[in-house]
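**Q** This is the structure I want to talk about, given as structure tokens.
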Amino acid sequence: MFGVTIFAFMGYEHVVYNACLFIGMLYYNVSALQLGHLIKNIIFAFIGNYIGGGLVIGLFYAYLNDHGQFKAIKKGIDPND
């Protein structure tokens, strides 16, 4: 599970690492892999990546990047001056 932490720290989706883990499970023990658990894991990992990386981090970067441009536009001031 340390690989998932490394992938998250580097900014990659850990869905990719989970898929690699599933391929390894197929190689070593096919009977341990159940399709329902596989699909459930990928769906929840994707939703977590979407919410965490897409919304939380995206909104945080948008907040950090705001330099009062929208307030200036509302007042009729050109923000590029």
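Following the numbering used here, the numbering of the sequence shown begins with 52 at its first residue and continues without gaps. Idealized CB from N, CA, C, for every residue including glycine. Everything numeric in this text was worked out from a predicted model, so none of it was measured.
Could you give the DSSP three-state label for L84: helix, strand or coil?
**A** Coil.
**Q** Cα-Cα, which of I93, Y101, A113, G104 is closest to A70?
**A** Measuring from the Cα of A70, the nearest candidate turns out to be I93.
**Q** Check the C-beta distance from F73 over to L84 and give it rounded, since I have them as a contact under 8 Å.
**A** With a Cβ gap of about 7 Å, F73 and L84 count as contacting.
**Q** Quick check on the burial criterion: 16 or more other C-beta atoms within 10 angstroms. Buried or exposed for V66?
**A** Classification for V66: buried.
**Q** Measure the C-alpha to C-alpha separation of L110 and L89 and round it to an integer number of angstroms.
**A** One C-alpha to the other measures close to 30 Å.
**Q** Locate the alpha helix (DSSP H) running through V107, then write down its first and last residues.
**A** Where V107 is concerned, there is no enclosing alpha helix (DSSP H), given that its DSSP letter is neither H nor E.
**Q** Assuming Y79 is part of the alpha helix (DSSP H), what are its boundary residues?
**A** First-last of the alpha helix (DSSP H) with Y79: 65–79.
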